[in-house]
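Colleague: Let me begin by handing over the structure; questions about it come next.
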DNA sequence: GGTGTAAGGTCAACCCTGTTGGCATAAGGC
DNA sequence: GCCTTATGCCAACAGGGTTGACCTTACACC
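Protein chains in written order, with the UniProt record's numbering: chain X, 1 to 235; chain G, 1 to 235.
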């Protein structure tokens, strides 16, 4: 059993599995992403992942201490992709906007994985790299440290929180043929106007708006707020 | 088996369980909240809830189609509590702020339950009542319908998203003796300054800030933004 | 008040899950 | 080419959601 997981860097022997594949943390995580996409956010099981890898489920415990650690590794993979799909321009506002959208997009590209991971701090390398980058942008813009930290906190939490929420409805839509969005059209559109006047009056607008993400709007609010803080700091 | 779940309103016969308790949707949900608090967000199981109720696990299927529907009922209970802990003053900004904090507080009062439910739209009565209330505040303030719907969307998603995220770390803290917050103090505080200069420079501030919620700050940003929209609409 | 019906509680069983102890085997340092 | 031991595999465990069949008793009706 996996009394001790060998860290990826220290791995020397690479013994092929019975099916012939050679495992690695990276390929396990990649396969897990595929399994998640194909079988939904609750469909990632040790047995299924083992089958997809052509390996015994228990082999996974040679690479990760448990399904929980594997989950965190998946989250870190998404963070890595977010950072990979981003380049610095030097203009803080554009950079922060682009990074926020990159994070949001990276998670929404794998909604089933995002549901599992977006509401968890992993403490893994690529998540830390993202944190470092954000703080760098804010401090580079000239924000005093206490303000930078406050904005950083709101930024990362907001990005992850919306990623989790938006991924939730996206994954649900994938998995259950848009039950959720249908809810808006069916349930909300037919509420009696006398008991729910405001929903009734805006039902059309709601049905059009709810399937989209509120993240871009929230992000712009944060940028606006940050600009105001920056102006105040510069006085 | 529960081929058909009898809706609570239509329930007529109330047969006591072997242990003598008389079940109802309400008491099942209440008991589930207790079980969640005592056993953590992953500790709500049909068998355990049955034991806590003094009933066979399969009895639950007479009241809910499955654990999933039970989960949604729990979420709706939290929404109901949020709305119950709120009173209208007539001033839109104060009302919206109070409602946002009430939602956030209601969820954080049951972090383990919030983790399970906050990232899901339930479509149940009390959630709808909250939606109606928010729209009422915004439209009552004089926002044009399209703007009201946009702000409503950002408001409810932001509130739920932060509730889920904050509840996550709160529940984790309860369950694993603050592993997460310790991460900030241990992992982040000891990153070398040459590879992570920005984290290193703000480590103290981060350790102080991260255990708190960024929701109040985000909420104020949304209120500010809404006020600006209102001023523009009034021109 | 007696009777019939079926709601609602119970039991046993199904197949699934994560996880582990013991074992076999082959990779790679020497 | 040998030896060590990392790494893959097998079998088994406890506990998960869910269901089909059964039993019992609360209520509607006469």
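Glycine residues also receive a C-beta, built at the ideal position from the N, C-alpha and C atoms.
Rounded to a whole number of angstroms, what is the C-alpha to C-alpha distance between residue 196(G) and residue 145(G)?
Modeller: Between residue 196(G) and residue 145(G), the C-alpha separation is close to 47 angstroms.
Colleague: What residue from 158(G), 18(G), 20(G), 13(G) has the CA that sits closest to residue 99(G)'s CA?
Modeller: The residue with the shortest Cα to Cα distance from residue 99(G) is 158(G).
Colleague: Step through the CB atoms of chain X and report whether any lies within less than 9 angstroms of the CB of residue 12(G).
Modeller: Output row for residue 12(G): interface = no.
Colleague: Given this structure, state the Cα-to-Cα distance separating residue 11(X) from residue 23(X), to the nearest angstrom.
Modeller: Using only the alpha carbons, I get a separation of about 11 angstroms.
Colleague: Considering only residues of the same chain and omitting the five flanking positions on each side of residue 203(X), which have a CB-CB separation below 7 angstroms?
Modeller: Closer than 7 angstroms at Cβ, skipping near neighbours: 188, 189.
Colleague: Going by Cα to Cα distance, which pick from 142(G), 75(G), 172(G) is closest to residue 39(G)?
Modeller: Of the candidates 142(G), 75(G), 172(G), the one whose C-alpha sits nearest the C-alpha of residue 39(G) is 172(G).
Colleague: Is there at least one Cβ from chain X nearer than 9 angstroms to residue 146(G)'s Cβ?
Modeller: Yes - at least one Cβ of chain X is within 9 angstroms of the one on residue 146(G).
Colleague: Rounded to the nearest angstrom, how far is the Cβ of residue 53(X) from that of residue 31(X), given a contact under 8 angstroms?
Modeller: The pair is a contact, with the Cβ atoms about 5 angstroms apart (cut-off 8 angstroms).
Colleague: Return helix, strand or coil for residue 169(G), following the three-state DSSP convention.
Modeller: Looking at residue 169(G) - three-state DSSP - the assignment turns out to be helix.
Colleague: How far does the alpha helix (DSSP H) with residue 79(X) in it extend, from its first residue to its last?
Modeller: Residue 79(X) -> alpha helix (DSSP H) spans 67-84.
Colleague: What residues from chain G crowd round residue 165(X), counting only those whose CB sits closer than 8 angstroms?
Modeller: Ordered by position in chain G, the residues that pass the 8 angstroms Cβ test against residue 165(X) are 119, 157, 160, 161, 164.
Colleague: Taking any Cβ of chain G, which residues in the region 68-91 of chain X have a Cβ under 8 angstroms from it, in chain order?
Modeller: Result list empty, no residue passes.
Colleague: Answer with yes or no whether the minimum CB distance from residue 177(X) to chain G is below 9 angstroms.
Modeller: Note that residue 177(X) scores a pLDDT of 47, beneath 50, so its modelled location is shaky; the value from the coordinates is reported in the next line. No, residue 177(X) does not count as interfacial toward chain G.
Colleague: Would you mind listing the alpha helix (DSSP H) stretches within the region 104-167 of chain G that are 4+ residues and don't spill past its ends, in chain order?
Modeller: Complete alpha helix (DSSP H) runs here, min 4: 111-117, 125-141.
Colleague: What residues in its chain sit with their C-beta under 6 angstroms from that of residue 70(G), if we drop five residues either side in the sequence?
Modeller: Excluding residues within five positions, the ones whose Cβ falls inside 6 angstroms are 64.
Colleague: Against chain G, which members of the UniProt DNA-binding region "H-T-H motif" (45-64) of chain X pass a CB distance test of less than 9 angstroms?
Modeller: Listed in sequence order: no entries.
Colleague: Applying a beta-carbon distance threshold of less than 7 angstroms, which residues of chain X neighbour residue 153(G)?
Modeller: Those within 7 angstroms of residue 153(G) in chain X are 209, 210, 214.
Colleague: State the DSSP-derived secondary structure class of residue 237(G), mapped to helix, strand or coil.
Modeller: Past the edges of chain G, shown from 1 to 235, lies residue 237(G), and the structure says nothing about it.
Colleague: Curious, which full-length beta strand (DSSP E) runs of at least 3 residues does the UniProt DNA-binding region "H-T-H motif" (45-64) of chain G contain?
Modeller: Complete beta strand (DSSP E) runs here, min 3: none at all.
Colleague: Buried or exposed for residue 122(G), please, with buried defined as at least 16 other CB atoms from any protein chain shown within 10 angstroms of its CB.
Modeller: Burial call: buried.
Colleague: Give me, in chain order, the residues of the same chain whose beta-carbon lies closer than 7 angstroms to that of residue 226(G); leave out the 5 immediate sequence neighbours on both sides.
Modeller: Within the same chain, residue 226(G) has close Cβ partners 151.
Colleague: If we cut at 9 angstroms on Cβ distances, does residue 7(G) have a partner in chain X?
Modeller: By this cut-off, residue 7(G) is not an interface position.
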